[in-house]
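Only one structure is covered here, and it is reproduced in the block below.
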Amino acid sequence: MVNPQMVMYEEEFNQIQTVVDRLVRDANAKVVAIVDKNGQLIAGGGDIDNVDTTSLASLLAGNVAATGGMAKLLKENEFATQFHEGEKANIYIQLVGRQVIVVVIFDARSSLGLVRLRVKKGGDELNNIFEALSKKVAQPGKDSPFAEITDEDIDNLFND
Amino acid sequence: MSFINYMAREINCKLVYYGPGLCGKTTNLQYIYERTNPEAKGKMISLATETERTLFFDFLPLSLGEIRGFKTRFHLYTVPGQVFYDASRKLILKGVDGVIFVADSQIERTEANLESVENLRGNLAEQGYSLDKLPYVIQYNKRDLPNVASVEELRQMLNPTNQPDFEAVARTGVGVFDTLKAVAKLVLTELRKGGT
Ligand SMILES: Nc1nc2c(ncn2[C@@H]2O[C@H](COP(=O)(O)OP(=O)(O)OP(=O)(O)O)[C@@H](O)[C@H]2O)c(=O)[nH]1
Ligand SMILES: [Mg+2]
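Just so you know, the protein sequences line up as chains C and S, in that order.
Residues 930 to 1089 (this note's numbering) are what the first sequence spells out, left to right.
Residues 32 to 227 (this note's numbering) are what the second sequence spells out, left to right.
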């Protein structure tokens, strides 16, 4: 298949979480989330418990996919940045590398300029982490924990 | 593309319901949503027109339980079946791990079913996938209606390679979970093979 499998390990997760937590503070953000382009939440920080992150991640991925489709029509490679302004909350969306989306939710305590600046720095760091991660995943010997599952394991999932 | 998260000890897979307009894709998800325990499901999102036709997608996150200490999570999506939404269908197929083709059993929808399978095959191929290699199941929906083709006819037209297939009445739930389980099994079996 064309897509390499997406994998997250503890080591990289902790590095990502560190960047996310710092981004929350430095950008005065309410919420920062890292989402993969297929709509899976990778990490989140700030007031994340008050957001339905699963829904957010899926809608965000749909939005980014649609925007990418428009970019293609205009012969643009990608629109890497999006900003949505609300009355109380604003959303800033930044693509990082080929597979990752950074989303920052902020209010009047912050500003677009500050968020843009901090995301740029954090985005570079995240890009490095994800690149290292994809190399690690490509290494042999990183077999999936599912290599050993049996038909019985699978059947048991459906026995209730 | 499944996502194995060693940190959260969970695996995420993406399933897509495909098929012609009004065949019952959204109805499948609605039934699954209604019949699933609150702790096993997230919110269902429907991006639809005012007349309840799918405009971009429906989305339903489900947890199916644990395998070897890993939570299995499935993200269910439907595509918009109306022909002119093809650009959106392509987007939703990105990263898919398994496909459910929902056919409309009514005789007058024969052409629409065939076109939709061809469209699925083409859109997958554009992204480097082959329908013949992907976990794939077929559902013959709307079996409750009087003007339906026989299952043998449908099978011959839509399932030449003998994939798992099911008769269904999505409106009342007949066959809905059987279809879902079948594709989920195929996806997990694929993961065992190495999954990439
Ligand atoms: N009689 C009958 N009606 C059904 C069945 N399944 C779905 N329907 C009805 O068919 C209509 C269309 O169903 P949807 O689930 O919205 O169809 P869809 O495939 O999502 O359509 P699009 O979003 O346009 O692609 C609705 O009125 C459903 O109630 C079935 O098994 N039997
Ligand atoms: Mg629909």
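For every residue, glycine included, the Cβ atom is placed at its ideal position computed from N, Cα and C.
Cα-Cα separation between residue i and residue j, rounded to whole angstroms
i                  : j                  : result
Val-238 (chain S)  : Tyr-1021 (chain C) : Because chain S in this structure spans residues 32 to 227, residue 238 (chain S) falls outside the shown range and cannot be described.
Ala-972 (chain C)  : Ala-986 (chain C)  : 11 angstroms
Phe-115 (chain S)  : Gly-126 (chain S)  : 22 angstroms
Asn-144 (chain S)  : Ser-136 (chain S)  : 9 angstroms
Val-207 (chain S)  : Gly-974 (chain C)  : 37 angstroms
Gly-998 (chain C)  : Leu-122 (chain S)  : 8 angstroms
Val-1033 (chain C) : Glu-1060 (chain C) : 22 angstroms
Thr-141 (chain S)  : Lys-1001 (chain C) : 34 angstroms
Asp-128 (chain S)  : Thr-220 (chain S)  : 11 angstroms
Phe-1003 (chain C) : Thr-996 (chain C)  : The sequence given here places Leu at residue 1003 (chain C); Phe does not occur at that position. Rounded to whole angstroms, Leu-1003 (chain C) to Thr-996 (chain C) spans 11 angstroms at the Cα level.
Leu-162 (chain S)  : Ala-39 (chain S)   : 31 angstroms
Ser-77 (chain S)   : Asn-43 (chain S)   : 20 angstroms
Asp-175 (chain S)  : Val-182 (chain S)  : 13 angstroms
Asn-190 (chain S)  : Val-953 (chain C)  : 51 angstroms
Val-1029 (chain C) : Asn-943 (chain C)  : 16 angstroms
Asp-1082 (chain C) : Arg-223 (chain S)  : 11 angstroms
Met-32 (chain S)   : Arg-1045 (chain C) : 30 angstroms
Ser-94 (chain S)   : Arg-120 (chain S)  : 24 angstroms
Tyr-938 (chain C)  : Asp-1084 (chain C) : 27 angstroms
Thr-227 (chain S)  : Glu-1016 (chain C) : Caution is warranted here: a pLDDT of 44 is assigned to Thr-227 (chain S), below 50, making its placement in the model unreliable, and the coordinate value is therefore given only provisionally. The alpha-carbon atoms of Thr-227 (chain S) and Glu-1016 (chain C) are separated by roughly 44 angstroms.
Residue from the options with nearest C-alpha to residue i
i                  : options                                        : result
Asn-178 (chain S)  : S:Leu-155, S:Gly-206, S:Thr-203, S:Glu-139     : S:Glu-139
Thr-192 (chain S)  : S:Gly-206, S:Leu-176, S:Leu-165                : S:Leu-165
Ala-1018 (chain C) : C:Arg-1047, C:Leu-1041, C:Lys-1004             : C:Leu-1041
Glu-1007 (chain C) : C:Val-1033, C:Gln-1023, C:Glu-1016, C:Gly-1051 : C:Gln-1023
Gly-52 (chain S)   : S:Leu-222, S:Leu-93, S:Pro-195, S:Val-148      : S:Val-148
Asn-967 (chain C)  : S:Ala-180, S:Leu-124, S:Asn-150                : S:Leu-124
Phe-1012 (chain C) : C:Val-1031, C:Asp-1084, C:Asp-1053             : C:Val-1031
Gly-73 (chain S)   : S:Pro-92, S:Gly-55, S:Thr-57                   : S:Pro-92
Ile-35 (chain S)   : C:Glu-1081, C:Pro-1074, C:Asp-1082, C:Asp-1080 : C:Pro-1074
Val-130 (chain S)  : S:Gln-194, S:Glu-184, S:Val-168                : S:Val-168
Asn-957 (chain C)  : C:Glu-941, C:Val-980, C:Arg-1038               : C:Arg-1038
Neighbour list for residue i in chain C, Cβ cutoff strictly below 7 angstroms
i                 : result
Arg-223 (chain S) : Phe-1075, Ala-1076, Ile-1078
Phe-115 (chain S) : Simply none; closest approach about 14 angstroms.
Thr-141 (chain S) : Per Cβ cutoff of 7 angstroms: no residues; Thr-141 (chain S) is ~31 angstroms from chain C at best.
Met-32 (chain S)  : Asn-932, Gln-934, Met-935, Asn-967
Contact with chain A by residue i, beta-carbon distance below 8 angstroms
i                 : result
Leu-988 (chain C) : Absence of chain A from the displayed structure is noted, the protein chains being C and S.
Chain-ordered neighbours of residue i on chain C, where CB pairs are closer than 9 angstroms
i                 : result
Tyr-37 (chain S)  : Val-936, Met-937, Tyr-938, Glu-939, Phe-942, Pro-1074
Lys-45 (chain S)  : Asn-967, Gly-968, Gln-969
Thr-220 (chain S) : Ile-1078, Asp-1080, Ile-1083
Contact test: residue i Cβ vs ligand 3 heavy atom, cutoff 7 angstroms
i                : result
Glu-83 (chain S) : Only ligand 1 and ligand 2 can be found as ligands here, which leaves ligand 3 out of the picture.
Under 9 angstroms by beta carbon: chain S residues contacting residue i
i                  : result
Leu-1041 (chain C) : None at all; the shortest Cβ gap to chain S is about 27 angstroms.
Phe-1087 (chain C) : Leu-95, Gly-96, Phe-208, Lys-212, Ala-215, Lys-216
Neighbouring residues, chain S, relative to residue i (Cβ below 7 angstroms)
i                  : result
Asp-1082 (chain C) : Ile-98, Arg-99
Counting only Cβ-Cβ distances shorter than 7 angstroms, please list the residues of the region 976 to 1000 of chain C near chain S, keeping chain order. Asp-981, Thr-983, Ser-984, Ser-987, Leu-988, Gly-991, Ala-994, Ala-995, Gly-998
Select from the region 70 to 92 of chain S all residues with a C-beta closer than 8 angstroms to any C-beta belonging to chain C, and list them in chain order. Gly-73, Lys-74, Ile-76, Leu-78, Phe-87, Phe-88, Phe-90, Pro-92
Report the residues of the region 104 to 128 of chain S with a CB closer than 7 angstroms to any CB of chain C, ordered along the chain. His-106, Ala-118, Leu-122, Lys-125, Gly-126
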